[in-house]
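Q: Please see the structure below; I have some questions.
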Amino acid sequence: MGKTFWVLLVIGILSVSCVSNKDLLYLQNYSKDTLSVAVNPVISKPYRVQTNDVLSVKIKALDQKLVDMFSPSALGSTTQTTETDQSLYFNGFTVNDHGNIRMPVLGEVNVLGYTLDEIRQKIEKQLLEEYFKKEANIFVDVKLAGLRYTVNGEITVPGTKTLYQDKVTIMQAIANSGDITMTGNRKEVVVIRQYPHGTEMHTINLTDAKAMQSPFYYIQPNDYIYVKPLKQKSWGTGTTGVQSVATIITALSLVTTTLLLFKNL
1 MGKTFWVLLV
11 IGILSVSCVS
21 NKDLLYLQNY
31 SKDTLSVAVN
41 PVISKPYRVQ
51 TNDVLSVKIK
61 ALDQKLVDMF
71 SPSALGSTTQ
81 TTETDQSLYF
91 NGFTVNDHGN
101 IRMPVLGEVN
111 VLGYTLDEIR
121 QKIEKQLLEE
131 YFKKEANIFV
141 DVKLAGLRYT
151 VNGEITVPGT
161 KTLYQDKVTI
171 MQAIANSGDI
181 TMTGNRKEVV
191 VIRQYPHGTE
201 MHTINLTDAK
211 AMQSPFYYIQ
221 PNDYIYVKPL
231 KQKSWGTGTT
241 GVQSVATIIT
251 ALSLVTTTLL
261 LFKNL
């Protein structure tokens with residue numbers, strides 16, 4: 001009876017203390033129904049610019065000297081420089097609380113709620129109407145000055161990151177931070193997102209292949225991603241079978257030693 005009790009106790013502890021394989025694998029439940037989702041690119045809505053976004057606006061022409069005055073530095077240098085977070089912050093155009101960016105010569109340009117392509121067309125139209133003719137062959141390029149986001153919680157390398165891509169998935173963002181730890185809850189990853197009306201919290205299950213259909217699969221600038229801990233971490237048990245067995249043996253040894261000490265008193 002005694003041996004049976006201890007065996008059942010060990011099995012019970014192992015069953016609740018170890019992190020199962022299903023809690024660690026990404027994009028499970030893969031079937032023919034989700035095949036098209038995985039193969040075909042996920043169509044995401046064009047991002048609409050919000051306050052505090054930083055835009056990179058570059059204006060080019062056949063005669064570059066004609067458009068140098070529209071550049072933030074107005075130096076007219078053709079030297080290639082490496083763009084860093086600092087250079088993009090100081091040379092980019094920050095969207096103020098009124099939804100405007102302040103450009104040399106052009107002045108205040110409202111961009112709040114516009115897509116990057118709409119902003120490009122707007123600036124290009126203003127340049128052609130007020131300063132140049134079509135023969136000038138003006139080329140305007142508008143991009144986000146890096147996609148900045150923050151990852152916290154059960155992540156290998158938490159912190160604020162910047163990726164210089166037009167589109168970034170939550171899987172890429174997590175991989176760029178060293179992946180979720182073994183005690184991180186991949187089934188309830190929280191995405192805190194800013195909207196014109198305020199901030200909202202959303203959850204996404206990264207262990208399910210249907211996550212690729214979620215509107216939060218692609219992150220947006222200034223997203224805050226939080227990975228909750230699994231219950232195993234709060235219990236203080238091991239994350240693997242070996243660690244759990246070691247924890248149980250240590251606990252039983254401590255209990256046995258304590259009982260022997262009391263018995264000898």
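In terms of our numbering, the sequence shown has 123 at position 123, counting the first letter as 1, and numbering is strictly consecutive.
For every residue, glycine included, the Cβ atom is placed at its ideal position computed from N, Cα and C.
Quick check for students: name the residue ranges of the beta strand (DSSP E) that lie wholly in the stretch 126-183, counting only runs of 3 or more.
A: 139-144, 147-153, 159-163
Q: Counting along the chain, where does the beta strand (DSSP E) carrying N100 start and finish?
A: Mapped onto the sequence shown, residue 100 falls at position 100. Element bounds for N100: 100-103.
Q: Could you have a look at I219 and say whether DSSP puts it in helix, strand or coil?
A: Here residue 219 is taken as the residue at index 219 of the sequence shown, counted from 1. If DSSP states are grouped into helix, strand and coil, I219 belongs with coil.
Q: Check whether the stretch 124-135 touches the stretch 146-155, counting contact only when three or more Cβ pairs, one atom from each stretch, lie closer than 8 Å.
A: Counting Cβ pairs under 8 Å, fewer than three are found: no touch.
Q: So for S56, helix, strand or coil by DSSP?
A: Mapped onto the sequence shown, residue 56 falls at position 56. Reduced to three states, the DSSP call for S56 is strand.
Q: Less than 9 Å separating the beta-carbons of G113 and S56?
A: The residue given as residue 113 occupies position 113 in the sequence shown. The residue given as residue 56 occupies position 56 in the sequence shown. Not closer than 9 Å, so no.
Q: Quick check on Y89: does DSSP put it in helix, strand or coil?
A: For the purposes of this step, residue 89 is identified with residue 89 of the sequence shown, where counting begins at 1. Helix, per DSSP.
Q: Output the distance between the C-alpha atoms of Y26 and D179, rounded to the nearest integer angstrom.
A: As a first step, residue 26 must be located in the sequence shown, where it is residue number 26. As a first step, residue 179 must be located in the sequence shown, where it is residue number 179. Y26 and D179: Cα-Cα distance of roughly 11 Å.
Q: What's the C-alpha gap between V67 and R193?
A: As a first step, residue 67 must be located in the sequence shown, where it is residue number 67. As a first step, residue 193 must be located in the sequence shown, where it is residue number 193. Taking the straight line joining both Cα atoms gives about 37 Å.
Q: What does DSSP give as the partner residues of I225 in its beta bridges?
A: As a position in the sequence shown, residue 225 is number 225, starting the count at 1. Answer is V151, V191, bridged to I225.
Q: Any idea if G146 is buried or exposed, counting beta-carbon neighbours within 10 angstroms, 16 or more meaning buried?
A: For the purposes of this step, residue 146 is identified with residue 146 of the sequence shown, where counting begins at 1. Under this definition G146 is a buried residue.
Q: Just curious, the beta strand (DSSP E) that V109 is in, first and last residue?
A: By one-based count along the sequence shown, residue 109 stands at place 109. Taken as a continuous stretch (DSSP letters only), the beta strand (DSSP E) holding V109 covers 107-110.
Q: Can you list, in chain order, the residues of its chain with a C-beta nearer than 8 Å to that of P46? Leave out the 5 residues immediately preceding and following it.
A: For the purposes of this step, residue 46 is identified with residue 46 of the sequence shown, where counting begins at 1. Residues of the same chain with a CB within less than 8 Å of the CB of P46, apart from the 5 flanking positions on each side, are T115, L116, D117 in chain order.
Q: Determine which residues share a DSSP beta bridge with D117 and list them.
A: Position 117 of the sequence shown, counted from the first residue, corresponds to residue 117. DSSP lists no partner for D117.
Q: May I have the straight-line CA-CA distance separating A173 from I155, to the nearest angstrom?
A: The residue labelled residue 173 in the question sits at position 173 within the sequence shown. The residue labelled residue 155 in the question sits at position 155 within the sequence shown. Distance from the CA of A173 to the CA of I155, rounded to the nearest whole angstrom, comes to 11 Å.
Q: Where does T207 sit, in a helix, a strand or coil, going by DSSP?
A: In the sequence shown, residue 207 corresponds to position 207, counting from 1. It is coil, neither helix nor strand.
Q: Give a yes or no on whether the C-beta atoms belonging to T160 and V227 are separated by under 9 Å.
A: Your numbering for residue 160 matches position 160 in the sequence shown. Your numbering for residue 227 matches position 227 in the sequence shown. No, the Cβ-Cβ distance between T160 and V227 is not below 9 Å.
Q: Starting from M201, follow its DSSP beta bridges and name the residues at the other end.
A: What you label residue 201 is simply residue 201 of the sequence shown in a count that begins at 1. The partner list for M201 (beta bridge, DSSP) reads I192.
Q: In angstroms with no decimal places, state the Cα-to-Cα distance between D166 and Y218.
A: The residue given as residue 166 occupies position 166 in the sequence shown. The residue given as residue 218 occupies position 218 in the sequence shown. Each residue's alpha carbon lies about 10 Å from the other.
Q: Going straight from the alpha carbon of Q64 to that of V140, what length do you get?
A: Position 64 of the sequence shown, counted from the first residue, corresponds to residue 64. Position 140 of the sequence shown, counted from the first residue, corresponds to residue 140. Each residue's alpha carbon lies about 12 Å from the other.
Q: I need the straight-line Cα distance from T79 to I101, nearest angstrom please.
A: In the sequence shown, residue 79 corresponds to position 79, counting from 1. In the sequence shown, residue 101 corresponds to position 101, counting from 1. Low confidence applies here, because T79 scores a pLDDT of 47, under 50, leaving its location unreliable; read the following figure in that light. Using only the alpha carbons, I get a separation of about 25 Å.
Q: Measure the alpha-carbon distance for V142 versus K22 and round it to whole angstroms.
A: Along the sequence shown, one-based indexing puts residue 142 at 142. Along the sequence shown, one-based indexing puts residue 22 at 22. Going by the C-alpha atoms only, they are around 43 Å apart.
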